[in-house]
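Chemist: The structure's right below; bear with me while I get my questions together.
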Amino acid sequence: MACLAAQKAIGKKNEDNAEVRALLNTVISEGLRESEQQVSTETDEHRDAREAGARYGLRLAEELSPRILKAENEDVIMGYIREMAQEIEQHARALAERGLGYELAGLWMKAAGKAATARLDALVDQVEQSKH
């Protein structure tokens, strides 16, 4: 009798352990899914900030291109470029303060600056090639 009771107790304990293990596996799986979603969301936010910044920087450089092409000298060109950099920085600061956050605004600003610089570099190359 005691042996049967012990076997039942052990069986019950194993069933309880199996339930606990199943519950833990469920909790762990849900936690991993939530973590993956958060990482995915963070990645999407970062990507979106970079893409928006790149579009802004490219647009700004395109708007600046005619003035650069007509500039009288390098000092005037550098003045335009400084204005553009200040505008990018001010816009990033405004985005951060309006709720984008400083991390994403920083990514946005870096992408805007990089895109604008690349566009202006291409413009300079184009101008130099046309002079030759």
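With UniProt numbering, letter number 95 in the sequence shown gets 95, and the count goes up by one each step, no holes. C-beta atoms are modelled at their ideal positions from N, C-alpha and C, and glycine is treated no differently.
So the alpha helix (DSSP H) GLY122 belongs to, where does it begin and stop?
Modeler: Numbered from its first residue, the sequence shown carries residue 122 at position 122. A small fix is needed here, since residue 122 is Ala in this sequence, not Gly. From DSSP, the alpha helix (DSSP H) with ALA122 extends over 102-131.
Chemist: What span of residues does the alpha helix (DSSP H) with ARG98 cover, start to end?
Modeler: Taking the sequence shown and counting its residues from 1, one reaches residue 98 at position 98. Unbroken run through ARG98: none, as it is neither H nor E.
Chemist: Is GLU83 helix, strand or coil when you go by DSSP?
Modeler: Your numbering for residue 83 matches position 83 in the sequence shown. Of the three classes helix, strand and coil, the one that applies to GLU83 here is helix, per DSSP.
Chemist: Can you list, in chain order, the residues of its chain with a C-beta nearer than 7 Å to that of ALA122? Leave out the 5 residues immediately preceding and following it.
Modeler: For the purposes of this step, residue 122 is taken as the residue at position 122 of the sequence shown. Correct list: empty, nothing qualifies.
Chemist: How many angstroms separate the CA atom of ASP48 from the CA atom of ILE77?
Modeler: Position 48 of the sequence shown, counted from the start, is the residue given in the question as residue 48. Position 77 of the sequence shown, counted from the start, is the residue given in the question as residue 77. Near 31 Å, if we compare the C-alpha coordinates of ILE77 and ASP48.
Chemist: Could you check which residue in THR43, ALA116, ARG50 has the C-alpha nearest to that of GLU87?
Modeler: Here residue 87 corresponds to residue number 87 of the sequence shown, with the count starting at 1. Out of THR43, ALA116, ARG50, ALA116 has the C-alpha closest to the C-alpha of GLU87.
Chemist: Answer with buried or exposed for ALA61, where buried requires no fewer than 16 other C-beta atoms within 10 angstroms of its C-beta.
Modeler: Here the question's residue 61 lines up with position 61 in the sequence shown. Burial call: buried.
Chemist: Give a yes or no on whether the C-beta atoms belonging to TYR80 and ALA92 are separated by under 8 Å.
Modeler: Counting from one through the sequence shown, the residue named residue 80 turns up at place 80. Counting from one through the sequence shown, the residue named residue 92 turns up at place 92. No, the Cβ-Cβ distance between TYR80 and ALA92 is not below 8 Å.
Chemist: Using a 10 Å radius around the Cβ and a threshold of 16 neighbouring Cβ atoms, would you call ARG55 buried or exposed?
Modeler: Numbered from 1 along the sequence shown, position 55 holds the residue referred to as residue 55. When all chains shown are included, ARG55 counts as exposed.
Chemist: Is GLY53 buried or exposed, if buried means 16 or more other CB atoms sit within 10 Å of its CB?
Modeler: Locating residue 53 in the sequence shown gives position 53, where the first residue counts as 1. When all chains shown are included, GLY53 counts as buried.
Chemist: With 16 other CB atoms within 10 Å as the buried threshold, where does ARG67 fall?
Modeler: Translated into the one-based positions of the sequence shown, residue 67 becomes position 67. Exposed, since its Cβ has fewer than 16 Cβ neighbours within 10 Å.
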